[in-house]
Each structure stands twice: as C-alpha cells, then as structure tokens.
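In our numbering, the protein residues as written are 244 to 496. All C-beta atoms in this analysis are idealised placements derived from N, C-alpha and C, irrespective of residue type, glycine included. Predicted model, so just to flag it, every value in this text is computed and none were measured.
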Ligand code: ADP
Ligand code: MG
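Okay, structure coming up:
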C-alpha cells in the first residue's frame with residue numbers, strides 16, 4: 244500500500260524541503276518506489292532534484308487546477324519521481340477557493356496512483372489551502388523542527404490544524420513523527436527544547452537527529468540531494484538512518 248507523508252511545518256527554514264528531498268533519495272536508494280510532490284511555489288524541492296523549475300510546463304499547479312492527469316506531470320530522476328512546482332503554484336492558493344471540494348483536489352489525484360511505496364509532500368510554509376490539500380491527502384505528517392525558542396509555540400498551531408483536519412476531513416491522519424533538524428549539539432537551548440519536545444510528544448520524536456551540516460546546505464546548488472552529493476557526510480548519513488527508522492516502523496504495523 245502507498246503511504247502518503249506530508250512534510251509540514253508552517254515555519255520557514257526548518258528543513259522541510261531538505262527532508263523531503265533527502266528522505267526521497269534515501270528511500271529510493273534503499274529500493275523503495277518514491278514520488279516527491281513539490282507543493283511550494285518556491286520550487287526548491289524541484290531544483291534540488293536537478294530539474295529546471297522555470298522550463299517546466301506541467302507542474303503541481305496543472306495537477307491541482309487544470310485537471311492534468313497525475314501521470315502527465317511526473318518527472319523521473321535517478322532515485323525517485325517528482326511532481327515539480329514553480330512560481331505558477333502561488334496562484335493555486337487563491338484559485339482553489341472557488342473549486343468544489345477544494346481541500347480534496349490533491350487527494351483525488353494521488354489516491355488513483357498506487358504504484359509507489361511512499362509519496363512525500365513538501366508543503367509550503369503556511370497553513371493555507373495547499374497545506375490543507377496535503378493534510379487531506381496524507382496518511383500522516385512528518386514535522387521537521389529546529390529546536391529553537393519559538394519552535395514549540397509554532398507546533399501548537401500545526402497540531403491544532405491537524406486535529407481539525409482529523410475531525411472534519413481526514414479521520415485517519417496521524418503525526419508520523421517529529422524530526423529534529425539543523426541540530427547544534429553545542430547549543431544549550433537546543434538541548435532544552437529537544438528535551439521538552441520529547442516530554443510533550445513521547446514516542447513521536449525520531450531517534451535520528453539531523454545535525455547542522457554544510458554538505459546538506461551545499462547540495463541543492465548542485466541539483467542534488469546530500470545523499471547523492473556526498474553520501475559519507477554526516478547529513479547524508481542522518482537521512483539514510485531516518486529512512487531506516489521509517490521503513491522499520493512500517494514493518495511493525
Ligand atoms: P524549509 O523547506 O522548511 O523552508 P529548507 O529545507 O529549505 O527549509 O532549509 C532552509 C535552509 O537551511 C536551506 O538553505 C538549507 O540548505 C539549509 N539546511 C537545511 N537543513 C540543514 C542542515 N541539517 N544543515 C545545514 N543546513 C541545512
Ligand atoms: Mg521548503
């Protein structure tokens with residue numbers, strides 16, 4: 244069965260796109276069939292996958308708004324497939340408002356497609372209609388977090404949104420896990436926030452911690468995941484470990 248994972252946090256710069264791209268590559272490298280859906284008009288997941296976002300004619304926008312078939316917007320890369328996005332997608336946030344069944348557009352497109360083991364949704368940094376579409380389509384949510392002062396506060400808004408979606412639209416949605424990203428072990432506050440996180444969400448915080456690692460930040464400018472750019476880097480190793488943790492969890496269910 245296909246598992247659809249929304250990678251979401253309305254805060255920008257916490258490692259959503261980095262996680263979406265590197266987890267896709269890691270799962271793909273481990274033999275899983277993966278589709279990465281870029282749902283951010285910034286198109287960073289698209290360019291980090293080696294695609295030229297401004298040359299693309301068929302994108303997530305066409306899937307959500309123009310009635311394009313899922314098959315026709317998929318692009319293949321070495322380890323995973325991609326539904327790309329670019330600036331066009333910004334208009335979808337408003338255009339969806341007038342659409343019937345507006346929150347279920349993505350779900351209707353993705354649930355017809357069962358050739359994948361995992362579909363990863365890279366969400367934009369907001370809780371608008373595109374994110375609502377992602378949370379409606381998803382089986383669970385992976386939340387990347389930077390362990391900083393306001394991190395827990397932002398988490399409450401996201402958790403409340405997920406609860407609302409669970410009640411009204413998608414009864415099966417769960418929190419898949421909280422991932423500590425861009426982690427700096429030398430910072431005392433980081434450790435404190437991390438401990439609080441584990442206390443508030445027991446059993447939901449991944450064992451894997453993604454360290455702050457320069458190779459992760461360099462990889463996108465080469466159009467690659469860190470895993471393809473430098474498999475031996477600490478960042479790449481962390482995402483390979485996360486893939487194992489996710490696959491293992493699946494095995495227990
Ligand atoms: P989001 O999608 O949540 O906005 P990104 O994944 O784009 O966040 O990450 C924001 C910035 O931080 C990017 O420049 C990215 O390369 C960098 N970054 C992400 N994770 C790490 C990490 N573990 N170590 C160093 N830099 C990182
Ligand atoms: Mg992003």
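Rounded straight-line distance, which links the Cα of residue j to that of residue i
i           : j           : result
residue 294 : residue 362 : 18 Å
residue 304 : residue 431 : 42 Å
residue 417 : residue 445 : 14 Å
residue 426 : residue 437 : 10 Å
residue 280 : residue 380 : 12 Å
residue 473 : residue 282 : 26 Å
residue 408 : residue 378 : 7 Å
residue 403 : residue 453 : 26 Å
residue 395 : residue 292 : 30 Å
residue 340 : residue 372 : 8 Å
residue 415 : residue 245 : 14 Å
residue 506 : residue 310 : Nothing in the structure corresponds to residue 506, since the chain is present only between 244 and 496.
residue 364 : residue 263 : 7 Å
residue 466 : residue 290 : 6 Å
residue 288 : residue 494 : 28 Å
residue 353 : residue 274 : 21 Å
residue 443 : residue 405 : 16 Å
residue 496 : residue 382 : In this predicted model, residue 496 has a pLDDT of only 48, less than 50, meaning its place in the structure is not dependable; the value taken from the coordinates is given anyway. Roughly 14 Å separates the two Cα atoms.
residue 484 : residue 319 : 24 Å
residue 489 : residue 277 : 13 Å
Residue i CB to nearest heavy atom of the ligand FMN below 6 Å
i           : result
residue 424 : Among the ligands modelled here, namely the ligand ADP and the ligand MG, the ligand FMN does not occur.
Secondary structure of residue i, DSSP reduced to three states
i           : result
residue 496 : Because the pLDDT at residue 496 is just 48, under 50, the model does not fix this residue reliably, and the point stays unresolved.
residue 426 : strand
residue 259 : helix
residue 365 : strand
residue 249 : strand
residue 305 : helix
residue 432 : helix
residue 463 : helix
residue 320 : coil
residue 395 : helix
residue 491 : helix
residue 375 : helix
residue 360 : coil
residue 346 : helix
residue 286 : coil
residue 299 : coil
residue 274 : coil
residue 383 : strand
residue 341 : helix
Distance between beta carbons of residue j and residue i, contact taken as under 8 Å
i           : j           : result
residue 390 : residue 433 : 4 Å
residue 251 : residue 386 : 6 Å
residue 286 : residue 344 : Incorrect: roughly 26 Å between the Cβ atoms, too far for contact.
residue 440 : residue 421 : 6 Å
Identity of the residue in the options nearest residue i by Cα
i           : options            : result
residue 312 : 288, 326, 322      : 326
residue 509 : 381, 329, 370, 376 : What the structure shows of the chain is the stretch from 244 to 496, and residue 509 is not part of that stretch, so it cannot be assessed.
residue 284 : 267, 337, 266, 323 : 337
residue 258 : 478, 440, 309, 307 : 478
residue 356 : 481, 480, 324, 332 : 324
residue 269 : 282, 487, 342      : 487
residue 392 : 254, 482, 247      : 254
residue 456 : 331, 318, 321, 470 : 470
residue 332 : 267, 319, 422, 302 : 302
residue 360 : 400, 248, 260      : 248
residue 501 : 451, 460, 307, 490 : Here the chain has residues from 244 to 496 only, and residue 501 is not among them.
residue 491 : 449, 278, 351, 460 : 449
residue 384 : 419, 476, 298, 464 : 419
Test item, CB below 5 Å from any non-hydrogen atom of the ligand ADP: 255, 256, 257, 258, 259, 260, 261, 425, 453, 455, 456, 459, 460
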